[in-house]
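Here this note's numbering is used: the first residue of the sequence shown is 447, the next is one more, and so on.
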Amino acid sequence: MLRFLHTADLHLGMAFDMLPPEAAAKAQTYQFTALEHLVRVATREQVDCILIAGDLFDSSTPASDLFSRAMSVLAQAPCPVFLSPGKHDFIHAQSPYQTNVLPKNVHIFTATSLQSVHLNKDTAIWGAALQEQTTNIPLSHETFSHPINLCVLYSDLQSKTGCNHYTADDLAKSEFSYFAAGGSHAATGLQRTGRTVFCSSGGLAALSERETGAKGFLLIQIENTIKAQFIESKAMQFAHIEIDLTPIPSDVGLQKVLIDRIPKNPDHICASVVLTGERVYEPNVTALRRVLDQVFLSCTVSNETIPKKPLWRYLQQDDIRGAVSRRYRDLIEAAASWEEKENLTRALRFALAAFDEDSIPPLS
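Below, the structure written as structure tokens:
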């Protein structure tokens, strides 16, 4: 049985300049928390190796103290670490991957064609480095001399125009046992083509507001079959929380709804809270933002609500809107069930919104 961790796209050194300075500094700290957690899991699970499929750093020339700190963390792993430089930390003559003494357990693939490293009697690790952001690395390789062959490579598998993209046919012809991809910040889940199982682990850390939800890495087990377990990282996350204010009568009610919507570990989350729907009161957005700043790592609050308009506002008018309102009033009064009344009310509100050229309101 073979067990290993597959991760990518931590982007150590990213500025996070979309965040307030204090939150940005914490986000950078949480990146190292995530890397340390990865190493702890490797120890706990007694894995055979760690595969990092590119973009450990956000730059090809990370600051020397940043590089040293990352290597010190990886040096604590109880197993070999194999890294293929990616689009952001690509290899070049002055790359710290080539100019620094690396920990004994860390192997960096520096060639632009696939090379292999012996892991154990059954397993070889294959990899290569992007030399610049447009590098294309052929999947051709020497004849396999091990029954299990893992390939770790920066490759955007989800976009045909992505960096170092491969088709399913390319991967099938490679005949790798497992292809560990980086570059796509969204996880793909295990997929198979021919004899090859391939997967993008997704980013170890969230890098923009578009990357909501849990980030993490994979624990892969190869025995008779290949299994993957997702393990959530300790890095910062982004969350989008949308609250429909239509049925909420006050800030106290809004607070109660929000409490139920706050994700776990909110001090690691940059939240975007958006208020929508038809409001019956004016929410105190400034106070709400001030409170949520104490809950989340960072928080923005947007009020996209519109004032709620009375349903019967045109009832007495002598025009088409008044005629429609009176007709629906009669139908609603004659309705035989609550469900029929609700459907008729919804239809009237949609009709009035169309007359007023408003967006379609939700039914309260």
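No residue lacks a Cβ here, since even glycine has one placed at the ideal position from N, Cα and C.
Coarse secondary structure for residue i, derived from DSSP in three states
i, result
"D690", "strand"
"P709", "coil"
"E678", "strand"
"W758", "coil"
"R641", "coil"
"R449", "strand"
"F625", "strand"
"S810", "Caution applies to S810, whose pLDDT of 49 falls short of 50 and renders its modelled position unreliable; the model cannot decide the point."
"F513", "helix"
"S654", "coil"
"N595", "strand"
"Y543", "helix"
"F801", "helix"
"F536", "coil"
"N566", "strand"
"A454", "coil"
"S646", "strand"
"L529", "strand"
"Q701", "helix"
"T787", "Note that residue 787 is Lys in the sequence shown here, rather than Thr. Helix at K787."
"Q561", "strand"
"A685", "strand"
"R795", "helix"
Residue i: first and last residue of the uninterrupted beta strand (DSSP E) it sits in
i, result
"S718", "715-722"
"Q812", "No statement about residue 812 is possible, as the shown extent of the chain runs from 447 to 810 and does not include it."
"A633", "Note, A633: premise wrong, no beta strand (DSSP E); not H, not E."
"A570", "569-573"
"V747", "744-749"
"L825", "Outside the shown range of the chain, which is 447 to 810, sits residue 825, and nothing can be said about it."
"V726", "It is not in any beta strand (DSSP E) - V726 carries neither H nor E in the DSSP assignment."
"H553", "552-554"
Near the ligand MG: residue i beta-carbon under 8 Å from a heavy atom
i, result
"E728", "The ligand MG is absent from the structure shown, which contains no ligands of any kind."
First and last residue of the uninterrupted alpha helix (DSSP H) at residue i
i, result
"F478", "467-491"
"I766", "766-780"
"L617", "614-620"
Close Cβ partners of residue i (< 6 Å) along its chain, the five nearest in sequence each way excluded
i, result
"S810", "The pLDDT assigned to S810 is 49, lower than 50, so where the model puts this residue is not dependable, and the model offers no usable value."
"A470", "F462"
"R735", "V747"
Reference residue i, options the options, closest by Cα
i, options, result
"A480", "D776, L743, A652", "A652"
"L560", "Y543, L502, H457, F625", "F625"
"L520", "H553, A509, D535", "H553"
"D713", "R725, I705, A733, D739", "D739"
"N749", "M464, D690, R773", "D690"
"D455", "T732, V747, A633", "A633"
"V719", "T746, L700, E728, N730", "T746"
"G659", "T671, K680, F644", "K680"
"Y760", "R773, D697, L665", "R773"
"L484", "F663, T545, K755, L794", "F663"
"V461", "R449, Q474, F450, T453", "As written in the sequence, residue 461 is Ala, which differs from the Val given in the question. When only C-alpha atoms are compared, the closest one is Q474."
"N546", "A557, S510, W572", "S510"
"T556", "G648, K567, I583", "I583"
"G459", "E655, A516, E468, I498", "A516"
"A769", "L798, I752, K787", "L798"
"P466", "I498, E803, A717", "A717"
"D616", "F801, R638, L704", "R638"
7 Å Cβ shell around residue i - same chain, five flanking residues per side excluded
i, result
"K472", "L743"
"T558", "A574, A575, Q577, T581, I583"
"E657", "H631, G649, F684"
Distance between beta carbons of residue j and residue i, contact taken as under 8 Å
i, j, result
"R541", "S506", "It is worth fixing the name first, because residue 541 is Ser in this sequence and not Arg. Contact holds; Cβ gap of about 6 Å."
"P531", "A575", "4 Å"
"K533", "C609", "5 Å"
Sequence-distant residues of its chain with Cβ nearer than 8 Å to residue i (five each side left out)
i, result
"M447", "Q667, I668, E669"
"N551", "L520, A521, A523, C525, P526, V527"
"R707", "I687, I689"
Neighbour flag for residue i against chain C, beta carbons, 9 Å
i, result
"S696", "The structure shown has no chain C; it contains just one protein chain."
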